[in-house]
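Using the working numbering, the first residue of the sequence shown is number 4, and each one after it goes up by one.
The structure under discussion appears below in the form of structure tokens.
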Amino acid sequence: MPHSPSFNLSRILQETSVRHIEYHESLGSTSGLAVELLQDLLPMAPALVLTSQQTAGKGRGNHRWWSTTGALTCSLVLESASLHLPPDRLPLVSLATGAAVRTVLQSVAPGQLFQIKWPNDVMAHGIKISGILTEQHTTSGQSALIIGIGINVNNSLSGAPDDIRTTATSLFDLTGQTFDLTELLVLLLNEVESGLRQAAECEQALLSDITRNSLLTGMNVCIQSGEQQLQGYCSGIDVDGALLV
Ligand code: BTN
């Protein structure tokens, strides 16, 4: 196993259901590498691609994900069939992951307010602290999910480009404290696992957790869908992961 200065890889393997860790000290994108290595990683799923420094992170759409050392950036590779979710429920994967990130952040920094912003972000006092990028790929006839998770933890946004500095924050910027990345990752992987199980077995419990902790619940929202603009009151999340407006 490669040595990691920031993560205790043996502990992650011992205390979570992850069976293989592909660790690199520095990497362009954990999700990019997960796609490249998918054929090898999938038989070892749940597999984790992890780095201490991601240099070319992918965001949703054409966005990039900016981060420096101290951020938590990883991609979890899962066999889609292992989730026991019908295809129309797959949007719940990102939501369950966001809910897991929120729960863990709230537990390590209880004095702060963390909320889920549908569909894929976690916010701290309304400012983005984490982003999730879920991709579905097929290799050798098998479907895989790659859940990319970025959380600003011990990195400060003070050195970030202007557009990001004004719209994002980190645990360090919020609290002035640093956090054990291994501890956080172990908590997160276990929480993601139980959230995904809940999505398949007890979706109402998951949906009420998300609705209760969603930034948009109870707000008037304006949604752009292609050419169309929809305005209305957000009352929560539907069983298929759609926003109820
Ligand atoms: C977004 O907010 O647009 C999603 C950001 C997702 C970032 C994570 S960081 C780990 C993983 N690897 C990537 O290249 N992207 C995701």
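Where is the CB? At the ideal position from N, CA and C, for every residue including glycine.
Residue i versus the options, residue with shortest Cα-Cα distance
i: Val-107; options: Gly-229, Val-156, Gly-151, Arg-67; result: Val-156
i: Gln-169; options: Ser-7, Ile-130, Ala-103; result: Per the sequence presented here, residue 169 reads as Thr, with Gln not at that position. Among Ser-7, Ile-130, Ala-103, the Cα nearest to that of Thr-169 is on Ile-130.
i: Gln-56; options: Arg-67, His-66, Gly-31; result: Gly-31
i: Ser-238; options: Leu-219, Gln-232, Glu-230; result: Leu-219
i: Gly-35; options: Thr-54, Glu-18, Pro-46, Met-47; result: Thr-54
i: Leu-148; options: Pro-94, Leu-116, Ile-240; result: Pro-94
i: Gln-232; options: Glu-39, Asp-241, Val-248; result: Val-248
i: Ser-2; options: Asn-65, Leu-45, Thr-72, Arg-14; result: With the chain covering only 4 through 248, there is no way to say anything about residue 2.
i: Val-125; options: Glu-138, Ala-103, Ser-110; result: Ala-103
i: Asp-243; options: Ser-9, Ala-171, Pro-89; result: Pro-89
i: Trp-121; options: Gly-235, Thr-214, Ser-9; result: Thr-214
i: Ser-217; options: Ala-208, Ser-197, Ile-240; result: Ile-240
i: Ile-154; options: Asn-123, Pro-49, Ser-29, Asp-166; result: Asn-123
i: Ile-152; options: Leu-12, Ala-37, Gln-17; result: Ala-37
i: Thr-3; options: Leu-41, Gln-17, Ser-9; result: Look at the range of the chain in this structure, 4 to 248, and you will see that residue 3 is not part of it.
i: Leu-246; options: Leu-98, His-87, Thr-181; result: Leu-98
i: Arg-200; options: Arg-92, Ser-173, His-128; result: Arg-92
i: Ile-132; options: Ala-202, Gly-101, Gln-139; result: Gly-101
i: Trp-68; options: Thr-185, Pro-49, Ile-135; result: Ile-135
i: Pro-8; options: Gly-235, Tyr-26, Gln-17; result: Tyr-26
i: Gln-139; options: Ser-83, Pro-46, Leu-16; result: Ser-83
i: Arg-14; options: Arg-105, Pro-164, Leu-184, Thr-172; result: Leu-184
i: Ser-161; options: Ser-70, Glu-230, Ile-119, Met-222; result: Ser-70
i: Gln-109; options: Glu-196, Leu-187, Glu-204; result: Leu-187
i: Leu-12; options: Thr-181, Ser-29, Val-52, Leu-44; result: Val-52
i: Gly-221; options: Ala-59, Glu-204, Tyr-236, Gly-64; result: Tyr-236
i: Ile-167; options: His-87, Gln-145, Gly-62, Glu-204; result: Gly-62
Residue i at chain C interface by Cβ criterion, 9 Å
i: Asp-212; result: The structure shown has no chain C; it contains just one protein chain.
Simplified DSSP assignment, three categories, for residue i
i: Asp-212; result: helix
i: Ser-161; result: helix
i: Ala-48; result: coil
i: Gln-207; result: helix
i: Gln-231; result: strand
i: Gly-239; result: strand
i: Val-189; result: helix
i: Leu-298; result: The requested residue 298 is not part of the displayed model; the chain covers only 4 to 248.
i: Ser-55; result: strand
i: Gln-145; result: strand
i: Ala-37; result: helix
i: Asp-43; result: helix
i: Asp-124; result: strand
i: Ala-171; result: strand
i: Ser-13; result: helix
i: Ser-2; result: There is simply no residue 2 to check, as the chain begins at 4 and stops at 248 in what is shown.
According to DSSP, residues forming a beta bridge with residue i
i: Gly-153; result: Thr-76, Gly-134
i: Cys-225; result: Gln-234
i: Gly-114; result: Answer is none; Gly-114 lacks a bridge partner.
i: Gly-60; result: Trp-68
i: Leu-284; result: Nothing in the structure corresponds to residue 284, since the chain is present only between 4 and 248.
- Please confirm if the region 219 to 226 is in contact with the region 75 to 85, defined as three or more CB-CB distances below 8 Å between the two stretches. No, the region 219 to 226 is not in contact with the region 75 to 85.
- Segment contact, 8 Å Cβ cut-off, at least three pairs: the region 186 to 196 with the region 8 to 24: Yes: at least three Cβ pairs fall under 8 Å.
- Query: How do the region 162 to 182 and the region 105 to 119 stand: do at least 3 beta-carbon pairs fall below 8 Å, yes or no?
  - Reply: Because the criterion of three Cβ pairs below 8 Å is met, the region 162 to 182 and the region 105 to 119 touch.
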